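Here the sequence shown is numbered in the working numbering, starting from 210 and rising by one per residue. Here a beta-carbon is modelled for each residue, glycine too, at the ideal position from N, C-alpha and C. Every value quoted in this text rests on a predicted model; they were computed, and no experiment measured them. Working notes, beginning with the structure itself.
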Amino acid sequence: MILPREWQSMENYSSMPIGTGPYAVARNNQNQLKIHAFDDYFGYRALIDEVNVWVLPEIGEESNGGLTLQGTTQSEKAVESRLEEGCYYLLFDSAARLAPMPPSASG
210 MILPREWQSM ENYSSMPIGT GPYAVARNNQ NQLKIHAFDD YFGYRALIDE
260 VNVWVLPEIG EESNGGLTLQ GTTQSEKAVE SRLEEGCYYL LFDSAARLAP
310 MPPSASG
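Written out as structure tokens, the structure is:
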């Protein structure tokens with residue numbers, strides 16, 4: 210990894226790093242990491258414009274597993290639950306052109 214010479218003295222470097230890759234960090238907090246394609250990257254442009262990584266709380270950490278129960282009686286509030294590990298979403302903009310070759314690579 211190539212680091213700026215002054216990286217240790219940079220205020221938010223651990224959460225908003227600066228590097229030389231095809232993506233730039235747009236948001237990084239306890240709930241979300243959001244990176245977007247860095248248009249000035251010297252190589253091929255990233256095929257995916259934006260990547261969001263969400264950190265979701267464990268179901269056991271929230272009362273009722275994060276659900277709000279509706280109904281007036283216990284039988285109406287009965288809940289069917291199941292645990293699924295993780296989630297996957299991959300969205301593409303079909304109208305966008307795929308990564309054009311940078312001028313330096315079209316030799």
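By the 16-neighbour rule on beta-carbons within 10 angstroms, residue 244 is buried. Residue 252 and residue 231 have their C-alpha atoms roughly 8 Å apart. 7 Å or more divides the Cβ of residue 235 from the Cβ of residue 247. A distance below 6 Å between beta-carbons, with the five flanking residues on each side excluded, links residue 260 to the following residues of its chain, in chain order: 244.
Of the candidates 228, 238, 220, 257, 238 places its Cα closest to the Cα of residue 264. Check the Cα spacing between residue 266 and each of 241, 254, 213: the tightest is with 241.
Beta bridge pairing from DSSP links residue 235 with no other residue.
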